[in-house]
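Participant: One line per chain: the protein sequences are D and L, in this order. Mapping the first sequence onto the UniProt record's numbering, position 176 (from 1) lands on 176, and the numbers just tick up by one. Mapping the second sequence onto the UniProt record's numbering, position 122 (from 1) lands on 122, and the numbers just tick up by one. All residues carry an ideal CB built from backbone N, CA and C; glycine is no exception. Since we're looking at a predicted model, the values are computed, not measured.
Protein chains: 2
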Amino acid sequence: MQHIKQYVDQNRQRLLDELFALLRFPSVSADPKYKPEVLKTADYVAQKLRDAGADNVEICQTAGYPIVYGEKIIDASKPTVLVYGHYDVQPADPLELWKTPPFEPTIRDGKIYARGACDDKGQFYMHVKAFELMMQTNTLPCNIKFMIEGEEEVGSSNLGIFVKANKEKLKADVVLISDTSMISMEHPSLETGLRGLSYLEVEVTGPNRDLHSGVYGGAVANPITILTKMIASLHDENNHITIPGFYDKVIPLTAEERTALNNAPYDEEEYKKDLDIAEVWGEKGYTTFERTGTRPTLEVNGIWGGYIGEGAKTVLPSKAHAKISMRLVPNQTSDAITELFTKHFLSIAPANVKVKVTPHHGGEPAVTPTDSIAYRAAQKAIAESFGKDPIPTRGGGSIPIVALFEAELGLKTVLMGFGLDSDALHSPNEKYDIFNYYKGIETIPLFHKYFAELSSAV
Amino acid sequence: MQHIKQYVDQNRQRLLDELFALLRFPSVSADPKYKPEVLKTADYVAQKLRDAGADNVEICQTAGYPIVYGEKIIDASKPTVLVYGHYDVQPADPLELWKTPPFEPTIRDGKIYARGACDDKGQFYMHVKAFELMMQTNTLPCNIKFMIEGEEEVGSSNLGIFVKANKEKLKADVVLISDTSMISMEHPSLETGLRGLSYLEVEVTGPNRDLHSGVYGGAVANPITILTKMIASLHDENNHITIPGFYDKVIPLTAEERTALNNAPYDEEEYKKDLDIAEVWGEKGYTTFERTGTRPTLEVNGIWGGYIGEGAKTVLPSKAHAKISMRLVPNQTSDAITELFTKHFLSIAPANVKVKVTPHHGGEPAVTPTDSIAYRAAQKAIAESFGKDPIPTRGGGSIPIVALFEAELGLKTVLMGFGLDSDALHSPNEKYDIFNYYKGIETIPLFHKYFAELSSAV
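(1) Evaluate the contact criterion for the segment 393–403 of chain L versus the segment 355–371 of chain L: three or more CB pairs, one atom per stretch, below 8 Å.
(2) Using a C-beta cutoff of 9 Å, does residue 187 of chain L count as contacting chain D?
(3) Would you say residue 229 of chain D faces chain L, with C-beta separation under 9 Å as the test?
(4) Which term fits residue 452 of chain L, buried or exposed, when burial requires 16 or more other beta carbons within 10 angstroms of its beta carbon?
(5) Can you look up residue 306 of chain D in the DSSP assignment and give me helix, strand or coil?
(6) If you run the structure through DSSP and keep just helix, strand and coil, what is residue 240 of chain L?
(7) Of all Cβ atoms in chain L, is any one closer than 9 Å to the Cβ of residue 31 of chain D?
(8) Our contact map puts residue 282 of chain L next to residue 239 of chain L with C-beta atoms below 8 Å; I'd like the distance itself, whole angstroms only.
(9) Could you please give me the residues that DSSP links to residue 424 of chain D through a beta bridge?
(10) How about residue 146 of chain L and residue 54 of chain L: are their beta carbons less than 9 Å apart?
(11) Quick one: which unbroken beta strand (DSSP E) runs of 3-plus residues sit fully inside the segment 56–88 of chain D? Chain order, please.
(12) Which residue spans inside the segment 96–135 of chain D form an unbroken beta strand (DSSP E) run of at least 3?
(13) Can you tell me whether DSSP reads residue 201 of chain D as helix, strand or coil?
(14) My parser needs the alpha helix (DSSP H) runs of 4 or more residues fully inside the segment 143–218 of chain D; what are they?
(15) Would you say residue 115 of chain D faces chain L, with C-beta separation under 9 Å as the test?
(16) Indicate whether at least one CB of chain L lies closer than 9 Å to the CB of residue 248 of chain D.
(17) Would you call residue 206 of chain L buried or exposed, if buried means 16 or more other Cβ atoms sit within 10 Å of its Cβ?
(18) Who are the near neighbours of residue 102 of chain D in its chain, counting only those whose CB is closer than 8 Å to its CB and skipping five residues on each side?
(19) Three or more beta-carbon pairs under 8 Å between the segment 235–250 of chain L and the segment 296–312 of chain D, yes or no?
(20) Taking DSSP as the reference, what is the three-state secondary structure of residue 432 of chain D?
(21) What residue range is occupied by the uninterrupted alpha helix (DSSP H) comprising residue 293 of chain D?
(22) What residues in the segment 412–433 of chain L have a beta carbon less than 8 Å from any beta carbon of chain D?
(23) Grab me the residues of residue 391 of chain L's own chain with a C-beta within less than 7 Å of its C-beta, minus the 5 sequence neighbours each way, in chain order.
(24) Determine, using beta carbons only, whether residue 29 of chain D and residue 88 of chain D come nearer to each other than 9 Å.
(25) Quick one: measure Cβ to Cβ for residue 351 of chain L and residue 292 of chain D, integer angstroms, because I've assumed they're closer than 8 Å.
(26) Taking the alpha carbon of residue 436 of chain L as the point to measure from, which residue in L/416, L/455 and L/408 has its own alpha carbon closest?
(27) Using the Cα positions of residue 334 of chain L and residue 198 of chain L, report the straight-line distance between them to the nearest angstrom.
(28) Among D/52, D/68 and D/13, which has the Cα closest to the Cα of residue 40 of chain D?
(29) Just to check my reading of the structure: residue 231 of chain L and residue 322 of chain L have Cβ atoms closer than 8 Å, yes? What is that Cβ distance to the nearest angstrom?
(30) Tell me, which residues are paired with residue 321 of chain D by DSSP?
(31) Under the assumption that residue 194 of chain L contacts residue 395 of chain L (Cβ atoms under 8 Å), give the Cβ distance between them as a whole number of angstroms.
(32) For residue 346 of chain D, collect the residues of the same chain with a Cβ closer than 7 Å to its Cβ; drop the 5 residues on either side in sequence, then sort them by chain order.
(33) Less than 9 Å between the beta carbons of residue 4 of chain L and residue 83 of chain L, yes or no?
(34) Closest Cβ-Cβ distance between residue 160 of chain L and chain D: below 9 Å?
(35) Along chain D, in chain order, which residues have C-beta atoms closer than 7 Å to that of residue 301 of chain L?
(36) Which class does residue 24 of chain D belong to by DSSP, given the choice of helix, strand or coil?
If you want it as structure tokens, here you go:
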């Protein structure tokens with residue numbers, strides 16, 4: 001499509017500058033100290049939607065951070081695409097590991113380094129700019145609605161309430177989200193499933209105060225020692241999760257599904273080399289793709305207790321803590337797993353400590369159909385802009401909104417992500433390739449075009 | 001001894017004010033940011049020794065923090081007591097748990113609350129003031145030397161070098177240290193043994209960067225999970241340490257020693273109530289006194305890895321760390337145990353992570369004889385000032401200097417401590433009873449008196 005390439009070429013620098021401005025906001029939703037910055041980010045997104053040509057742009061207040069809404073209804077008889085994204089980002093620490101400041105986007109060999117570069121500012125902003133492109137070139141073929149939230153990285157806790165309360169406003173035919181990855185630019189892919197999440201924090205209390213490890217060591221249960229034994233017991237020798245009932249609801253993949261899944265290109269030597277590990281790890285009897293895409297997992301996201309400062313302190317601490325999350329697969333539910341974990345974790349606590357389990361947030365797993373008009377539109381759009389058909393994959397991450405949309409609005413979602421696993425999401429030195437950014441802006445109008453065409457053909 | 005009580009009564013407030021001034025110095029040797037304060041503390045101690053009447057007071061430089069020396073030689077033919085203490089303190093964190101600021105001494109129901117109130121500022125300063133008392137009342141019966149160091153809480157790493165280089169200067173007949181506890185003021189006691197120490201830091205590295213726990217979780221070894229499994233394996237189901245060879249050198253107590261040890265008053269209900277724990281913990285087949293006083297132990301003093309900030313971050317971290325220390329009993333040596341731990345810890349590391357073990361510092365265990373002139377002098381002094389004979393006990397803590405003195409100077413040590421286990425050493429709200437402070441100042445001159453008398457009687 002000539003007009004697309006032309007528009008992107010003519011606006012190349014500005015498209016990048018606007019993204020950089022967006023990336024400079026430290027919109028960390030997990031840490032209250034960034035609140036003013038998160039709110040400013042919402043204002044910026046609203047302004048950019050207006051500039052792009054959206055109507056009825058609103059900053060919708062919630063109990064937490066606001067949701068930015070905007071729309072362009074060209075013809076009520078045409079199909080409507082609801083674009084979802086999030087303007088909040090993960091915390092940037094450990095800061096010392098960033099080569100350049102997380103909130104000062106920097107280009108190194110064709111890549112934009114910044115927190116949120118890929119997750120999700122770089123990706124949702126492609127939709128704002130693709131929309132501008134269609135408006136400026138009079139090629140918008142369908143109605144479009146935007147819903148950009150600010151709490152995705154902390155569990156989207158207020159989005160459900162908003163969606164329930166605004167079903168009419170959000171009425172659409174499909175949800176389009178770019179917040180996932182492709183295998184590579186040579187192997188474009190489309191995610192057909194996402195894992196759910198159950199995130200908890202545990203606290204183990206031993207003595208009522210920190211103790212001298214010489215005076216009390218060996219006679220009083222050390223909460224760190226107890227916590228390590230409790231956590232260690234959560235995986236057996238096959239790295240199978242030991243929580244009773246944890247796998248009960250999991251539906252085994254069919255032989256065909258496993259074959260299809262493992263047909264996607266995967267070079268284990270490359271994978272290990274990229275991460276500098278000698279061996280992969282995981283549940284016995286499954287491949288890496290199966291482990292990350294189709295099996296539930298349990299990870300310790302953080303642990304702390306006792307003296308963690310410089311030098312040595314001979315203390316037997318009063319408390320030890322850990323943040324633990326589980327990724328869920330279709331048919332498991334966040335609440336049920338949270339309850340199973342809590343019950344089990346409390347049950348394995350020895351009598352000499354007190355244990356507290358606090359749920360943080362959760363999200364439900366989801367699978368997207370591969371035979372829908374919307375999925376076919378995405379396939380055609382990618383095939384045209386990449387020159388080859390996308391490979392269907394199962395993503396390991398979680399976008400709770402996907403299950404929410406299906407439950408509340410009866411809408412299926414298309415996960416048309418342009419990131420790469422190597423983009424270091426949630427890590428220091430998160431990046432997004434400039435190539436992918438422009439490629440997304442060029443591909444998205446094709447999705448709308450084919451979605452409109454295939455819909456009217458029905 | 002009338003003159004002692006009289007002197008203390010007449011100087012009660014000043015004796016307290018001077019200690020408060022000493023406690024206001026945040027002399028934390030483990031944290032480089034306190035360096036200027038630690039050095040000021042040494043100056044203060046030197047000045048107070050001069051004021052009390054010591055000669056040849058020197059601030060002796062070392063590769064680390066200086067050692068304050070001072071002496072009073074009244075007659076070369078009389079015995080000489082070498083008083084050891086330390087002016088450095090443990091870090092104060094966790095700060096939020098202090099009821100009043102750690103470096104602003106505060107009195108609550110007869111107790112001085114401050115970091116170092118008991119360990120060891122409050123205790124070594126009793127000796128400075130008891131020396132002043134003997135000088136002012138012309139009752140100093142023997143020669144006295146002071147050696148107050150500033151690196152005890154970080155392993156006294158430069159003291160050995162200093163002692164080796166100054167054997168003549170430090171020539172004495174006994175070492176006297178107040179840096180330990182009594183069972184209670186109703187049950188005065190004398191420690192006859194101390195445990196050694198081996199302190200290490202371990203680092204487990206998984207992937208070369210923090211990863212998104214959804215994208216990689218379940219397929220890449222999480223260094224926290226691996227570290228918890230490694231630490232959990234260090235104690236078996238009987239809380240016996242699993243490091244091969246760890247107990248080889250330990251000499252079992254005789255039936256008599258065990259009986260004597262367990263005759264000391266111990267109220268388990270009180271012990272548990274004080275710590276708010278439902279059960280004690282420890283190596284199967286031993287009592288609490290045996291576990292803390294006569295058995296080697298292994299404690300995790302600190303652990304950290306991943307995201308430990310506010311809220312939730314779904315990260316699979318690159319690294320996890322722990323600080324681990326072992327308390328050693330007579331016949332075990334710090335270097336040998338450090339080597340055994342390192343070898344074992346590396347040997348249990350799975351191939352999918354990299355493990356690094358870094359020794360921090362160590363100290364050798366020691367047992368003090370109960371039949372020496374010095375021990376008997378301490379017994380008589382305590383019996384006179386408390387009105388009952390002290391109970392011999394085995395301390396769980398470590399004062400590496402004790403073994404060092406024996407090895408380098410051929411001197412035995414008397415551990416005449418006036419603290420209490422409930423003083424919260426190394427913990428928030430460390431305290432020292434005003435009563436114990438004055439009691440120490442009154443008892444110490446009696447030690448010197450009886451030590452001189454019994455020595456001349458030989």
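Facilitator: In short:
(1) With three or more CB-CB distances shorter than 8 Å, the segment 393–403 of chain L counts as touching the segment 355–371 of chain L.
(2) no
(3) Cβ-Cβ to chain L under 9 Å: yes for residue 229 of chain D.
(4) buried
(5) strand
(6) Three-state DSSP puts residue 240 of chain L in coil, outside helix and strand.
(7) So, interface residue.
(8) 6 Å
(9) Partner(s): none; residue 424 of chain D has no beta bridge.
(10) yes
(11) 67–72 and 80–86
(12) Listed in chain order, the complete beta strand (DSSP E) runs (minimum 3 residues) inside the segment 96–135 of chain D are 106–108 and 111–113.
(13) strand
(14) Qualifying alpha helix (DSSP H) stretches, in chain order: 159–165.
(15) It does not; no Cβ of chain L falls within 9 Å.
(16) no
(17) buried
(18) 26, 92, 95, 114, 115, 428 and 430
(19) Counting Cβ pairs under 8 Å, fewer than three are found: no touch.
(20) Here residue 432 of chain D sits in strand by DSSP.
(21) 288–293
(22) 421, 424, 425, 426, 427, 428 and 429
(23) 183, 187, 189 and 264, listed in sequence order.
(24) It is a contact, given that the beta carbons lie within the stated cut-off.
(25) Contact between residue 351 of chain L and residue 292 of chain D does not hold, since the beta-carbon distance rounds to 20 Å and is not under 8 Å.
(26) L/416
(27) In this structure, the CA atom of residue 334 of chain L is about 5 Å from the CA atom of residue 198 of chain L.
(28) D/68
(29) 6 Å
(30) D/203 and D/304
(31) 5 Å
(32) Cβ within range, chain order: 355 and 357.
(33) no
(34) no
(35) Listed along chain D are 213, 306, 307, 313, 314 and 315, each with a C-beta nearer than 7 Å to that of residue 301 of chain L.
(36) coil
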